[in-house]
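If you're matching positions, the sequence shown starts at 5 in the numbering used here and goes up one per residue.
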Amino acid sequence: MRRLTTLALTVTAAAFLAACGTSPEPDAKTKPDAKASTSQAPTLSPEAKASARAAAGLPPEPDATTRQAYLDALNAIDPRIIKPGKEDQAVSRGINQCSSIKTTKDEAKLAQLALERFTVDTRLPEIATPETGQKIVKAVHTHLCPDF
């Protein structure tokens, strides 16, 4: 009786492991089309982008003059705040800071968020002060989201 039980358990375990260990190959009908995976995402119209930004609580993309004034303001605080060749990143981070300005009224918290968002606290610890954070917040608020 013991042999029969042991044999039955062994056969059951082997069948279970065999079933779990392999999966059938998908047939041609279920394989993903290589061309479909390389297709481009649909592009949004400028109006759709502006609508999405507004719905997310973000200001519109700055025009060239506003963008340059903002970048100049950051450079006036410290030219190392903007990483070399990363002006788009600085603008993006500023726009994200606008969402914090819109929802947070605590100035100390906003200054700390700016230091973190612009990675000043980790890259430039010697200038990672509340004053620097407040200057960044002021530059962002003045140039990117004055209506917030």
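Note that CB positions come from ideal geometry on N, CA and C, so glycine has one too.
Between the options, which has its C-alpha nearest residue i's C-alpha?
i: Leu75; options: Ala60, Leu62, Gln93 and Pro64; result: Gln93
i: Gly61; options: Cys102, Ser96, Val141 and Leu48; result: Cys102
i: Asp82; options: Phe152, Thr146 and Ala132; result: Ala132
i: Thr108; options: Glu65, Asp67 and Val141; result: Val141
i: Ala68; options: Ala52, Ala56, Val95 and Pro88; result: Val95
i: Lys106; options: Ala56, His145, Thr47 and Glu51; result: His145
i: Ile86; options: Pro150, Ser55, Ala143 and Ala56; result: Ala143
Using a 10 Å radius around the Cβ and a threshold of 16 neighbouring Cβ atoms, would you call residue i buried or exposed?
i: Gln72; result: exposed
i: Leu119; result: buried
i: Lys139; result: buried
Please list, in chain order, all residues of the same chain as residue i whose beta carbon is under 7 angstroms from its beta carbon, the five residues on each side excluded.
i: Ser104; result: Leu114 and Leu117
i: Arg84; result: Leu128
i: Ile99; result: Leu62, Pro63 and Leu148
Just the Cα atoms here: how many angstroms apart are residue i and residue j?
i: Glu111; j: Pro63; result: 20 angstroms
i: Thr136; j: Ala77; result: 12 angstroms
i: Arg121; j: Arg97; result: 6 angstroms
i: Ala59; j: Pro134; result: 31 angstroms
i: Glu51; j: Glu130; result: 42 angstroms
i: Asp151; j: Thr47; result: 28 angstroms
i: Lys53; j: Thr70; result: 19 angstroms
Going along the chain, which residues of its own chain have a beta-carbon closer than 6 angstroms to the beta-carbon of residue i, five neighbours each way excluded?
i: Glu65; result: none
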